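Numbering (UniProt numbering), first residue to last: 1 to 150. Note that CB positions come from ideal geometry on N, CA and C, so glycine has one too. Nothing here was measured: the structure is a model prediction, and the numbers come from that model.
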Amino acid sequence: MLQAHVAAQKPQKKMGNPPMFHGQASDDLELWLFSTEQYYASYAEEIQNETSEFVNTIFANLGPTAQTWYRDFKLSLGDQPATWTILKQRIRERFRDSDFQHKVLSKLHNLRWGGSQQDYTTKVLHLLSQLDCELPEIVKPMVLSAEPSS
1 MLQAHVAAQK
11 PQKKMGNPPM
21 FHGQASDDLE
31 LWLFSTEQYY
41 ASYAEEIQNE
51 TSEFVNTIFA
61 NLGPTAQTWY
71 RDFKLSLGDQ
81 PATWTILKQR
91 IRERFRDSDF
101 QHKVLSKLHN
111 LRWGGSQQDY
121 TTKVLHLLSQ
131 LDCELPEIVK
141 PMVLSAEPSS
């Protein structure tokens with residue numbers, strides 16, 4: 001199988017535990033997707049391939065709720081391969097609210113400086129990382145140059 005072949009050819013490094021996605025409302029799906037791509041960066045070719053090999057590999061990184069969804073996802077594809085691109089699209093459809101982008105933009109708009117600059121910047125960057133699109137140009141100056149309120 002490709003997984004065994006790839007594992008035999010690539011140098012093995014102790015990488016720690018892979019990122020997990022349980023499918024709970026408190027899970028950060030976008031961070032999990034990003035972390036998974038980073039964790040498996042040495043498998044970039046397999047991630048980009050139009051096969052199910054990479055997605056099959058990360059199945060073990062899903063908790064029970066997400067694994068239940070995954071089983072239905074695989075069945076819904078029939079003979080079509082479960083590529084990383086398709087999985088990302090479908091997992092977002094299933095585990096994100098339909099108004100997710102709007103909620104994130106609202107949180108960004110309502111975010112107030114209440115602590116250190118580092119805390120505020122971390123919160124802004126976290127919210128920005130949740131967006132599928134780039135921050136609208138009209139909003140950038142309001143968010144990125146925010147001043148502490150007196």
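{"Asked": "Compute the Euclidean distance between the alpha carbons of glutamate 137 and lysine 123, then round it to the nearest angstrom.", "Found": "19 Å"}
{"Asked": "Whole angstroms are fine: how far does the CA of leucine 128 sit from the CA of aspartate 119?", "Found": "14 Å"}
{"Asked": "Considering only the alpha carbon of each residue, which of Trp84, Arg90, Thr65 and Thr121 lies closest to serine 76?", "Found": "Arg90"}
{"Asked": "Enumerate in chain order the residues of its own chain whose CB-to-CB distance from phenylalanine 59 is below 8 Å, with the five nearest sequence positions on each side excluded.", "Found": "Gln67 and Tyr70"}
{"Asked": "Evaluate the contact criterion for the region 103-114 versus the region 40-57: three or more CB pairs, one atom per stretch, below 8 Å.", "Found": "no"}
{"Asked": "Which parts of the region 70-129 are runs of the alpha helix (DSSP H), unbroken and 4 residues or longer, counting only runs that do not cross its ends?", "Found": "84-95, 100-110 and 117-129"}
{"Asked": "Where DSSP assigns a beta bridge to leucine 62, which residues make up the other side?", "Found": "Phe21"}
{"Asked": "Nearest CA to the CA of threonine 85: which residue from Ser35, Ser98 and Phe54?", "Found": "Phe54"}
{"Asked": "Less than 8 Å between the C-beta atoms of phenylalanine 73 and leucine 29, yes or no?", "Found": "no"}
{"Asked": "Please tell me whether asparagine 61 has its Cβ less than 8 Å away from any Cβ of chain D.", "Found": "No chain D appears in this structure, which consists of one protein chain only."}
{"Asked": "My guess is that threonine 65 and histidine 126 are in contact by the Cβ rule of under 8 Å, so how many angstroms apart are they, rounded?", "Found": "In fact, because the Cβ distance is near 23 Å, the residues do not count as touching under 8 Å."}
{"Asked": "Between leucine 108 and leucine 31, what straight-line distance do the alpha-carbon atoms span, to the nearest angstrom?", "Found": "17 Å"}
{"Asked": "Using the beta-carbon count (16 or more within 10 Å), is serine 26 buried or exposed?", "Found": "exposed"}
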